[in-house]
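Down below is the structure, laid out as C-alpha cells.
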C-alpha cells in the first residue's frame, strides 16, 4: 500500500488548527497575505480537505473583550474565504463540505475553543450559530460562566453550570457540534449523561499512555463512542503525546489505544497546530497548566507532516478502509449527522 498516495486520496479532516491566531498576528504587522503564503501550501502539502478553525481567546481578552475579539476573528475567517475563494470555503453543513471538496477547495469550519464570548448569556449561542460557528467547546484550561476546564480538576471538579447546560441543550437543538476537549472531569460526566447526539473531542489523547489532565480516560472514551462520537488525537502537542518522544510512532500508539478502547469508528485527527503562533508571539511554548519539566518538539509539527501518521499506520498493518476512517471518515460521519442539522 502506497501510504503517501493513500493519504492524498483520502478525505483528511483536521479538527483543530489554531492558525487564525497566527493570521491575526501577521495582520497586525500589515502582512495580510500570510494565510495564502504559508497556511495554504501547508494545508495542501498535508492533504487537508476539511479544516476546523477554532477561536481561542487569549487571557488579555478574557472576559471583557471576548465577544468583540471572537466576532473580529470570525469576520477575518469570512474574509479569508473571500480573499482565497479559489482555494477555501466556509461551510455550514456537510453538504457545503461536499460542494467545497468537489470544487477542489479546502472546507473551513468555524469553531469556538472555550466559548468565552458567550459569557453568562446563553442566548448568544444562537448568535454564534447565525454567524457561522458550527463547533463549540465550553472551557479552555480555566473557568467560564459555562463550565470549568481540566486545569481546574485538582481544585474544583465542577459540573456544567446552569448556563452551560442551557447552552449544551441549545447546541444540540441547533445542530452545533459539541467539543468535549478541555472540559473538566465533572463537565465530561455531565455531557455523557445529557448528550443525545454524537459529538467530538477535537484534540485529545489517551490518559492511559500520557498522564496529564488534558487527556481522556478509557471510560470517558468509551462513553463518547457509545454516543457515536469521535476522539481526535492531538498529535502536535508533545505534553499530550509523550514529552520525551512525541514522534509519529507515539501518535499512532495513542491511535491504537483509542481503537482498542473506543473502536475504529470513533478515532480521528486533531493535531492542535499552535507552535508557530507561540514561537512568533511569545518566543516559545506556553506550557499546559500543571505540566512541569522539559519536552521534545513534536514530529507532527505542521500540516505538511500529517502524511507521516498515515505512513506509520500503513507500516503497522492498518487496513486502507480503517486508515480512511481515522483520517477523516469518522469525523465526516459526525458532521453529516449533526452540523447544521437541527434536532
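Numbering (the working numbering), first residue to last: 345 to 687.
Glycine included, each C-beta is placed from N, C-alpha and C at the ideal position.
Computed from a predicted structure; not experimentally measured.
Residue 395 places its beta carbon 8 angstroms or farther from that of residue 440. When secondary structure is reduced to three states using DSSP, residue 556 falls in the coil class, being assigned neither helix nor strand. Taking the Cα of residue 431 as reference, the smallest distance to any Cα among 391, 458, 684 is reached at 391. Here residue 604 is exposed, its C-beta having fewer than 16 other C-beta atoms within 10 Å.
Here the C-alpha atom of residue 684 lies approximately 34 angstroms from the C-alpha atom of residue 552.
DSSP places residue 617 within a strand segment (E or B) once states are collapsed to three.
Annotation: the continuous alpha helix (DSSP H) that includes residue 353 extends over 347 to 353.
If you keep only unbroken beta strand (DSSP E) runs of at least 3 residues inside the region 539 to 597, you get 544 to 548, 574 to 577. Looking at the backbone, the Cα of residue 641 and that of residue 648 are separated by about 15 angstroms. If you draw a straight line from the Cα of residue 489 to the Cα of residue 519, it comes to about 22 angstroms.
Following the DSSP letters along the chain, one finds residue 372 in no beta strand (DSSP E), marked with neither H nor E. The three-state reading of DSSP puts residue 630 in coil, since its state is none of H, G, I, E or B.
Taking all protein chains in view, the Cβ of residue 584 is crowded by 16 or more other Cβ atoms within 10 Å, so the residue is classified as buried.
DSSP, read as helix, strand or coil, puts residue 522 in strand. Proximity to residue 571 across 547, 539, 600 peaks at 539, based on C-alpha coordinates.
Going by C-alpha positions, residue 414 is about 43 angstroms away from residue 345. Excluding five sequence positions before and after residue 645, the CB atoms of its chain that fall closer than 7 angstroms to its own CB belong to 580, 619, given in chain order. One alpha carbon belongs to residue 397, the other to residue 613, and they sit about 14 angstroms apart. The three-state secondary structure of residue 466, taken from DSSP, is coil. Between residue 611 and residue 656, the C-beta gap is not smaller than 8 angstroms, which leaves the two residues out of contact.
Here the C-alpha atom of residue 635 lies approximately 43 angstroms from the C-alpha atom of residue 446.
Counting only the Cα atoms, residue 632 lies some 13 angstroms from residue 555.
Comparing alpha-carbon positions, the option among 625, 424, 482 lying closest to residue 514 turns out to be 482. Nearest Cα to residue 369 within the set 672, 638, 660, 626: 626.
Boundaries of the beta strand (DSSP E) around residue 434: 432 to 434. Here DSSP, grouped into helix, strand and coil, assigns residue 472 to helix. Between the region 666 to 678 and the region 360 to 377, the count of C-beta pairs closer than 8 angstroms stays below three; the two stretches do not touch. Using a 10 angstroms sphere on the CB of residue 493, the tally of other CB atoms reaches 16 or more, which defines it as buried. Leaving aside the five residues that flank residue 383 on each side, the residues in its chain whose CB is nearer than 6 angstroms to its CB run, in chain order, 363. Comparing C-alpha distances from residue 509 to each of 545, 547, 548, 464 shows the shortest one belongs to 464.
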